[in-house]
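The structure appears right after this line, and notes come after that.
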Amino acid sequence: MDRFVIALPQLALGASRHQADLDLVLPDAAGETETYVVHAVGEIENMGTGLHVRMQLRGRADSCCHRCLEPFQRDVDAAAEFVVQIGDQGLGEDVARLDEDAIELDLTPQVRETLIVEEPIRTVCRPDCKGLCAQCGANLNVAACGCEAPPDARWDALKKLADRVQP
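Residue numbering for the sequence shown follows my numbering, starting at 77 and increasing by one per position.
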């Protein structure tokens, strides 16, 4: 299932719990696509003129390490809370609107938005990932490449000064 939809005619007043398993493809912070498999749990409080929605999202994402460029899976755990107003009276900035004659509430856009907002700026396969060699591009997690580090040009001015001072 790739949508999290609640049928409004069957939604009783008071609290109810709804679940969905979702497979989504979303962009990461670098603009690459990631596949998400998440279990969404929504607790909805139907107040008659509006809905108070709390969602918990748990699952995994297929990511690409931003250091070594290797694919890996990472855990996803995110939450969202928002209000849906039925009709158009008293709308605030942080309130979604739903037509009075609507027959369903699609929570999929809020799931997508929550996952995008919770996306880390930089994903790494593990905290000690060594990344790629800047000269040859070898994955340093697999083996050392043997390249010598290039000289640091920031020290050139100091070396010239030291050469002039020492005979």
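Ideal Cβ positions, reconstructed from N, Cα and C, are used throughout, including at glycine.
No experiment lies behind these values; they were computed from the predicted model shown.
Going along the chain, which residues of its own chain have a beta-carbon closer than 6 Å to the beta-carbon of L174, five neighbours each way excluded?
-> As a first step, residue 174 must be located in the sequence shown, where it is residue number 98. Once the five neighbours on either side are set aside, the close Cβ partners of L174 are V160 and I162.
Since D104 is in the beta strand (DSSP E), which residue starts that stretch and which ends it?
-> As a working mapping, residue 104 is identified with position 28 in the sequence shown. Premise fails: D104 is in no beta strand (DSSP E) and is neither H nor E.
Touch test, the segment 193-207 against the segment 141-153, Cβ-Cβ under 8 Å, three pairs minimum = Counting Cβ pairs under 8 Å, three or more are found: they touch.
Can you grab the Cα-Cα spacing for the pair C212 / A233, in whole Å?
-> Position 136 of the sequence shown holds residue 212. Position 157 of the sequence shown holds residue 233. As the crow flies, the alpha-carbon of C212 is around 28 Å from that of A233.
If we count the other Cβ atoms within 10 Å of its Cβ and call it buried at 16 or more, is Q86 buried or exposed?
-> Taking the first residue of the sequence shown as position 1, residue 86 is located at position 10. Exposed.
Apply the 10 Å Cβ neighbour rule to Q95 and answer buried if 16 or more other Cβ atoms are within range, or exposed otherwise.
-> On the sequence shown, residue 95 is found 19 positions in, with the first residue counted as 1. Flag for Q95 reads exposed.
Name the DSSP bridge partner or partners of L174?
-> Position 98 of the sequence shown, counted from the first residue, corresponds to residue 174. For L174, which the question treats as bridged, DSSP gives the partners I162.
Measure the CB-CB distance between L127 and R188 and report whether it falls below 8 Å.
-> For the purposes of this step, residue 127 is identified with residue 51 of the sequence shown, where counting begins at 1. For the purposes of this step, residue 188 is identified with residue 112 of the sequence shown, where counting begins at 1. No, the pair does not count as a contact, with Cβ atoms beyond the cut-off.
My guess is that H115 and D97 are in contact by the Cβ rule of under 8 Å, so how many angstroms apart are they, rounded?
-> By one-based count along the sequence shown, residue 115 stands at place 39. By one-based count along the sequence shown, residue 97 stands at place 21. The beta-carbon separation of H115 and D97, rounded to 5 Å, stays under the 8 Å limit for a contact.
Is R230 helix, strand or coil by DSSP?
-> Residue numbering aside, residue 230 sits at position 154 when the sequence shown is read from its first letter. In this structure, R230 counts as helix in the three-state DSSP scheme.
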